[in-house]
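A quick write-up on the structure given underneath.
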Amino acid sequence: MTRLSVNLNKVALLRNSRGSNFPDLIQVAKDCERFGAQGITVHPRPDERHCKFSDLPLLKEICTTEFNIEGFPNEHFIAEVIKVKPHQCTLVPDDPNQLTSDHGWNTIEKKGFLQDVVYELKRNNIRVSLFIDADEKLIEGAANVGADRIEYYTGPYAKNYSTNPEAAIKTIKETCIIAQQLGLGINAGHDLNLENIRYLKDNLCQLDEVSIGHALIADALYLGLENTIRLYLNKLQ
Ligand code: PXP
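Numbering-wise (our numbering), the sequence shown opens with residue -16 and increments by one.
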């Protein structure tokens, strides 16, 4: 089974644009779960342009599925995550001014740093996933620092899917077998949409979770949130 975790960044962005509490992020999270989402993801960045750190305890309180917090593990982020204790924390190597995440960890160069962060989070009973590019050595590095899961950065897959799906999926498909042998759970995210998600799911030996934000929320403008979530769930069956 592949769980659909809905990333609520864009809902928070819309809310923040008017400085009020509309749309209400917490209500939207509850509704996503009511419509079938199997997880809620947020990515609090240092400038809080999407989700705010003050949203985290409220989201944890109402989330009945799986709560995933992603982000760069600076001291503040780690302290807030440990306070909230989500089911999963996805570590992402993005710098504060980055528009969106666009690469995975160099798990070899950052080995010492990641080892310490992963240890600290796991000590607090938080499952740890590392955002990663489809590269065998980097995936081995993720296992070596003690990560429970990897999350494939699927931006390049999504970009190339429409011209050559087979080539687009090649390295993810091959390295996924290695990740599975290493005992890692396998997540995927970024630029996934109704067009490219089934092919991803069908071609990987294992896919535990996808987290999808931008396309899903954009689809919901036309189709409504309930229909949209159902359509994504159908694609993942
Ligand atoms: N995974 C990570 C680590 C991300 O940073 C994002 C974007 O916040 C996503 C998944 C979801 O990407 P998208 O919004 O393109 O679905």
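Note that the Cβ used here is the ideal one computed from N, Cα and C, for glycine as well. Here the structure is a predicted model, which means the values were calculated and not measured.
Distance, residue j Cα to residue i Cα
| i | j | result |
| --- | --- | --- |
| residue 104 | residue 44 | 19 Å |
| residue 219 | residue 93 | 33 Å |
| residue 0 | residue 164 | 45 Å |
| residue 152 | residue 40 | 37 Å |
| residue -11 | residue 109 | 19 Å |
| residue 134 | residue 73 | 8 Å |
| residue 127 | residue 64 | 22 Å |
| residue 169 | residue 75 | 15 Å |
| residue 147 | residue 182 | 12 Å |
| residue 174 | residue 180 | 10 Å |
| residue 115 | residue 206 | 32 Å |
| residue 130 | residue 166 | 10 Å |
| residue 113 | residue 124 | 10 Å |
| residue 223 | residue 35 | Given that the chain is displayed from residue -16 to residue 220, the structure contains no residue 223 and the question cannot be resolved. |
| residue 213 | residue 157 | 30 Å |
| residue 122 | residue 160 | 11 Å |
| residue 49 | residue 62 | 20 Å |
| residue 5 | residue 111 | 31 Å |
| residue 176 | residue 66 | 32 Å |
| residue 90 | residue 101 | 12 Å |
| residue 13 | residue 120 | 39 Å |
| residue 22 | residue 16 | 7 Å |
| residue 97 | residue 69 | 19 Å |
| residue 202 | residue 215 | 10 Å |
| residue 81 | residue 132 | 24 Å |
Beta-carbon spacing of residue i, residue j below 8 Å
| i | j | result |
| --- | --- | --- |
| residue 162 | residue 137 | no |
| residue -14 | residue 191 | yes |
| residue -8 | residue 196 | yes |
| residue 194 | residue 83 | no |
| residue 26 | residue 54 | yes |
| residue 18 | residue 208 | yes |
| residue 204 | residue 155 | no |
| residue 28 | residue -4 | no |
Local conformation of residue i per DSSP, three classes
| i | result |
| --- | --- |
| residue 158 | helix |
| residue 175 | coil |
| residue 98 | helix |
| residue 124 | helix |
| residue 204 | helix |
| residue 48 | coil |
| residue 132 | strand |
| residue 269 | No statement about residue 269 is possible, as the shown extent of the chain runs from -16 to 220 and does not include it. |
| residue 114 | strand |
| residue -14 | strand |
| residue 119 | helix |
| residue -8 | helix |
Counted within 10 angstroms of its Cβ, other Cβ atoms place residue i as buried (16 or more) or exposed
| i | result |
| --- | --- |
| residue 79 | exposed |
| residue 2 | exposed |
| residue 95 | exposed |
| residue 178 | exposed |
| residue 144 | buried |
| residue 52 | buried |
| residue 185 | exposed |
| residue 150 | exposed |
| residue 30 | exposed |
| residue 189 | exposed |
Cutoff 8 Å: residue i Cβ touching any chain D Cβ
| i | result |
| --- | --- |
| residue 64 | Protein chains in the displayed structure number just one, and chain D is not present. |
- Message: Under 8 Å, with one C-beta from each stretch per pair, do the stretch 8 to 17 and the stretch 30 to 49 reach the 3-pair mark?
- Response: yes
- Item | Contact between the stretch 93 to 107 and the stretch 137 to 149 (3+ Cβ pairs under 8 Å) | no
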